[in-house]
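Notes follow the structure.
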Amino acid sequence: MSRLPKHVAVIMDGNGRWAKLRDKPRLYGHREGAESVRAILDTFARLEIKAVTLYAFSTENWSRPEDEVSGLMEMLKYYIGQEIGEVHRNNIKFRAIGDIAGLSEDVQKEIRSAEELTKNNTGTVLNVALNYGGRAELLHAFRGAASDLIDSGRKPESLSEEDIEKHLYTYGMPEIDLLIRTSGEMRLSNFLLWQVAYSEIYVTETLFPDFRLGEILKAIVAFQSRDRRYGGVKQAATDS
Numbered sequence: 017m018s019r020l021p022k023h024v025a026v027i028m029d030g031n032g033r034w035a036k037l038r039d040k041p042r043l044y045g046h047r048e049g050a051e052s053v054r055a056i057l058d059t060f061a062r063l064e065i066k067a068v069t070l071y072a073f074s075t076e077n078w079s080r081p082e083d084e085v086s087g088l089m090e091m092l093k094y095y096i097g098q099e100i101g102e103v104h105r106n107n108i109k110f111r112a113i114g115d116i117a118g119l120s121e122d123v124q125k126e127i128r129s130a131e132e133l134t135k136n137n138t139g140t141v142l143n144v145a146l147n148y149g150g151r152a153e154l155l156h157a158f159r160g161a162a163s164d165l166i167d168s169g170r171k172p173e174s175l176s177e178e179d180i181e182k183h184l185y186t187y188g189m190p191e192i193d194l195l196i197r198t199s200g201e202m203r204l205s206n207f208l209l210w211q212v213a214y215s216e217i218y219v220t221e222t223l224f225p226d227f228r229l230g231e232i233l234k235a236i237v238a239f240q241s242r243d244r245r246y247g248g249v250k251q252a253a254t255d256s
């Protein structure tokens, strides 16, 4: 496939609705969604896409019913522990982004173990956004940039985008070319607010548990059909 995105972000939406349509509990939908994560990782690793960032658990998700949140945390521990071996064998580098310190110690332990195991892998980088909020990330970055400014004695007007970007969780990664959202919702949901400034956005009505190989490839083909202008105007061809 030609002209592949270098970095894809995915808002994995619709697990609960998928389960409700089948008269199943919401956690059943989340478990089926994990199969779609496997499909994404397998496809992107084969296509040699450099990075994928998955929106797994937002800062707003803590307001969900307690049994759902505790079930999600248990699932998170289980899947990191069970899947990291396969992730490692596929040369994928695992990273967790967000306010990781706000997660339970047992979840943090699984995350640290997964990151340590895969830290030298050179294939696709998998960023899993956990306890993540886009505004919180920007506040973290602004504070870091302001601290650097004070420490260096620079004037406020010297602050640059690079000063801020080096404090973002995705610093050093390729820019996000493609943002995918499943379930048909037309919003960003506080995800990667800085990083998706020039991303192509692909929204599908497909609920996340049904987002498998065929749907993944549709998103890639849609990206390839886009004319990316980054705010500019495409110049008409002229006769020489």
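Just so you know, we're using the working numbering here: the sequence shown kicks off at 17 and counts up by one.
Beta carbons: idealized from backbone N, C-alpha and C, even for Gly.
Predicted model only: the values in this text are computed from it and were never measured.
Where does residue i land, buried or exposed, given buried means 16+ other C-beta within 10 angstroms?
i, result
"D193", "buried"
"Q211", "buried"
"P225", "buried"
"I166", "exposed"
"L37", "exposed"
"L70", "buried"
"T140", "buried"
"E126", "buried"
"R42", "buried"
"F239", "buried"
"T186", "buried"
"S256", "Per-residue confidence for S256 stands at a pLDDT of 46, beneath the threshold of 50, marking its modelled position as unreliable; the derived number appears in the next sentence. Result: exposed."
Rounded to the nearest angstrom, how far is the Cβ of residue i from that of residue j, given a contact under 8 Å?
i, j, result
"A72", "L133", "That belief does not hold up - the Cβ atoms of A72 and L133 are roughly 19 Å apart, past 8 Å."
"A67", "L229", "20 Å between Cβ atoms; not a contact."
"L20", "I236", "7 Å"
"R151", "L209", "7 Å"
"I100", "A130", "5 Å"
"Y95", "A50", "6 Å"
"L233", "I217", "About 18 Å; that fails the 8 Å criterion."
Going by DSSP, which residues form a beta bridge with residue i?
i, result
"N107", "The partner list for N107 (beta bridge, DSSP) is empty, contrary to what the question assumes."
"V273", "Any property of residue 273 remains undetermined from this structure, which presents the chain solely from 17 to 256."
"I113", "A145"
"Y218", "I196"
"Y71", "I27, A145"
Which stretch, first to last residue, makes up the beta strand (DSSP E) that contains residue i?
i, result
"T59", "It is not in any beta strand (DSSP E) - T59 instead sits in the alpha helix (DSSP H) that spans 42–63."
Within the continuous alpha helix (DSSP H) that includes residue i, where are the two ends?
i, result
"H156", "150–168"
"Q211", "Counting along the chain, Q211 falls outside any alpha helix (DSSP H), and DSSP gives it neither H nor E."
"T134", "121–134"
"E177", "177–181"
Specify whether the segment 138–152 and the segment 163–178 touch according to this definition: at least 3 beta carbon pairs, one from each stretch, less than 8 Å apart.
Counting C-beta pairs with one atom in each stretch, the segment 138–152 and the segment 163–178 have fewer than three that are closer than 8 Å, which means they do not touch.
Can you confirm whether the segment 199–217 touches the segment 77–91 when touching is taken to mean that 3 or more C-beta pairs between the two stretches lie within less than 8 Å?
Because the criterion of three Cβ pairs below 8 Å is not met, the segment 77–91 and the segment 199–217 do not touch.
State whether the segment 184–199 contacts the segment 28–43, with contact taken as three or more CB pairs (one from each stretch) at a distance under 8 Å.
Judged by Cβ distances under 8 Å, the segment 184–199 makes contact with the segment 28–43, as three or more pairs qualify.
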